[in-house]
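J.: Positions 11 to 198 (my numbering) are the ones given, in order, by the sequence shown.
A single structure is presented below for examination.
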Amino acid sequence: VQGALRDLQAPDHPARIGLHPASRASCRPIITSASSMRVSRSACGIALLRPLAEKDPRMPLDAYALCPCGSGKKLKFCCQPIATDMEKIEKLIDNHQPRMALQSLEKLAKKHSDNPWVVTRQAASLLSDDRAPEAKTVLLTFLRNRPDHPSANALYAMATLQADGLPEARKSIRRAFRFAIAAEPVIV
């Protein structure tokens, strides 16, 4: 961590600019404040600095925390039936087993195809596996029923950008800004 923090002091270091130059749309921005940070990796393998205060991935989900699906409800009253399956999937992802995680997500998506948590996690996993056209298809199906979902719109814009390029993605990027900027500023 000390070496990464020392590198941040250089005025031309990419982290000071905001995104690593080798990053793609699926990578998260690098955090530049050096206090209480740890080094971790983004979805595409770029080293990032993250706050130490992040939730420990080995800890179970808090039933009274906001649901990851974006409904605004507590997890206990929203997506509790799939929470244990989603925890297993997150552990697979943390243990660098993306194909197993995607297989589990596909099985879960067959039962819960309308659940935003399952759909957005599946799409994010497909994007990090460089399968943007598949992610785009999954998200498009979901967005037909829930056109204003912030995370799905932001991920759809990223998938469209990766699959089709900027000219075709402009409309979905505008839509992501309209629906997702407040809820998902890191993605947008």
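Glycine included, C-beta positions come from ideal geometry on N, C-alpha and C.
This structure is a prediction, so every number in the text was calculated from the model and none was measured.
(1) From this set, 90, 98, 113, 70, which residue's C-alpha is nearest residue 125's C-alpha?
(2) Can you give me the start and stop residues for the alpha helix (DSSP H) that residue 121 sits inside?
(3) Can you give me the start and stop residues for the alpha helix (DSSP H) that residue 181 sits inside?
(4) Please state the DSSP three-state secondary structure of residue 165.
(5) Take every Cβ of the region 80 to 87, pair it with every Cβ of the region 98 to 117, and state whether three or more of those distances are shorter than 8 angstroms.
(6) Taking the C-alpha atoms as reference points, what is the distance between residue 143 and residue 87?
(7) Beta carbon of residue 112, beta carbon of residue 140: below 8 angstroms?
(8) Can you tell me which of 120, 164, 180, 178 puts its alpha carbon nearest to the alpha carbon of residue 196?
(9) Would you mind sorting residue 152 into buried or exposed? The rule is 16 or more other CB atoms within 10 Å of its CB.
T.: Looking at the coordinates:
(1) The residue you call residue 125 lines up with position 115 of the sequence shown. Ranking 90, 98, 113, 70 by Cα distance to residue 125 puts 90 first.
(2) Stepping through the sequence shown from its first residue, residue 121 is reached at position 111. From DSSP, the alpha helix (DSSP H) with residue 121 extends over 108 to 121.
(3) For the purposes of this step, residue 181 is identified with residue 171 of the sequence shown, where counting begins at 1. That run of the alpha helix (DSSP H) goes 176 to 190.
(4) Counting from 1 along the sequence shown, the entry for residue 165 is found at position 155. Note: residue 165 maps to helix in three-state DSSP.
(5) no
(6) Mapped onto the sequence shown, residue 143 falls at position 133. Mapped onto the sequence shown, residue 87 falls at position 77. Using only the alpha carbons, I get a separation of about 33 angstroms.
(7) Along the sequence shown, read from residue 1 onward, the residue named residue 112 stands at position 102. Along the sequence shown, read from residue 1 onward, the residue named residue 140 stands at position 130. Contact flag unset, no.
(8) Residue 196 sits at position 186 when you count from the first residue of the sequence shown. For residue 196, the nearest C-alpha among the options comes from 164.
(9) To locate residue 152, count along the sequence shown from 1; it is residue 142. Looking at its Cβ environment, which holds 16 or more other Cβ atoms inside 10 Å, residue 152 is buried.
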